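Trainee: Sharing a structure below in structure tokens format, with a few things to ask.
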Ligand code: NI
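In this note's numbering, the protein residues as written are 736 to 902.
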């Protein structure tokens with residue numbers, strides 16, 4: 736396994752719309768393992784393939800404290816949404832920035848697992864937020880795009896400055 740490089744906002748590649756996975760093969764399973772390792776090392780609770788510059792529809796999520804509840808969702812689709820909840824979010828692609836976003840409180844999701852089997856699941860609370868946030872990445876959307884234009888401008892210049900200083 737290996738750690739993957741995470742793209743940082745405002746990298747334009749984060750706005751790529753990912754394509755569906757057509758077959759779950761060894762390459763997909765290896766990418767899923769690398770994404771999980773990268774997420775745990777960061778550390779974070781979710782990572783989309785888009786963030787590691789692989790533009791296929793796959794996300795990994797683990798909101799557990801002990802980091803033992805890894806979920807890999809391939810071609811995830813939200814079938815139903817219920818309620819609304821506001822929660823502070825962060826993102827491995829937007830380091831050091833946290834802000835409140837309103838999303839559905841409960842979702843019902845369909846996805847494929849690493850054996851290529853389709854399954855459905857319900858999610859609420861932090862897990863629902865995390866899955867919605869990661870699916871947004873697959874659609875080329877970063878959470879800061881829910882914030883005001885002014886905040887987005889500030890975040891963009893802050894991160895560009897950080898990137899320059901790191902060079
Ligand atoms: Ni993110």
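Built from N, CA and C at the ideal position, the CB exists for glycine as well.
Model, not experiment: these values are computed from the prediction.
With DSSP run on the structure shown, which of helix, strand or coil describes residue 900?
Mentor: The answer is helix: DSSP assigns residue 900 an H, G or I state.
Trainee: Given that a residue counts as buried once 16 or more other Cβ atoms are within 10 Å of its Cβ, and exposed if not, what is residue 770?
Mentor: Answer is buried; the Cβ neighbour count reaches 16.
Trainee: Does the distance from the C-beta atom of residue 816 to that of residue 846 stay below 8 Å?
Mentor: For residue 816 and residue 846, no; Cβs fall outside 8 Å.
Trainee: Roughly how many angstroms separate the alpha carbons of residue 804 and residue 887, rounded to a whole number?
Mentor: Their Cα atoms are separated by approximately 33 Å.
Trainee: Is the Cβ-Cβ distance between residue 751 and residue 875 less than 8 Å?
Mentor: Yes, these two residues count as a Cβ contact at 8 Å.
Trainee: When the Cα atoms are used, what is the spatial distance from residue 741 to residue 768?
Mentor: Roughly 15 Å separates the two Cα atoms.
Trainee: Is residue 743 near the ligand NI, in the sense that its beta carbon is under 7 Å from a heavy atom of that ligand?
Mentor: No, since every heavy atom of the ligand NI falls outside the 7 Å radius drawn around the Cβ of residue 743.
Trainee: With a threshold of 7 Å (Cβ to nearest heavy atom), would residue 872 be considered close to the ligand NI?
Mentor: Within the cutoff, so yes.
Trainee: Can you name, in chain order, every residue of its own chain whose Cβ lies under 8 Å from the Cβ of residue 819, other than the five neighbours on each side?
Mentor: These residues qualify, in order along the chain: 837, 838, 839 and 840.
Trainee: Does the beta-carbon of residue 808 have 16 or more other beta-carbons within 10 angstroms, so that it is buried, or is it exposed?
Mentor: Buried.
Trainee: Helix, strand or coil: how does DSSP classify residue 781 here?
Mentor: If DSSP states are grouped into helix, strand and coil, residue 781 belongs with the strands.
Trainee: Indicate the three-state DSSP secondary structure (helix, strand or coil) for residue 739 in the structure shown.
Mentor: Looking at residue 739 - three-state DSSP - the assignment turns out to be coil, as it is neither helix nor strand.
Trainee: Which stretch, first to last residue, makes up the beta strand (DSSP E) that contains residue 834?
Mentor: 834-838 is the span of the beta strand (DSSP E), which, as asked, contains residue 834.
Trainee: Quick one, are the C-beta atoms of residue 753 and residue 780 less than 8 Å apart?
Mentor: No.
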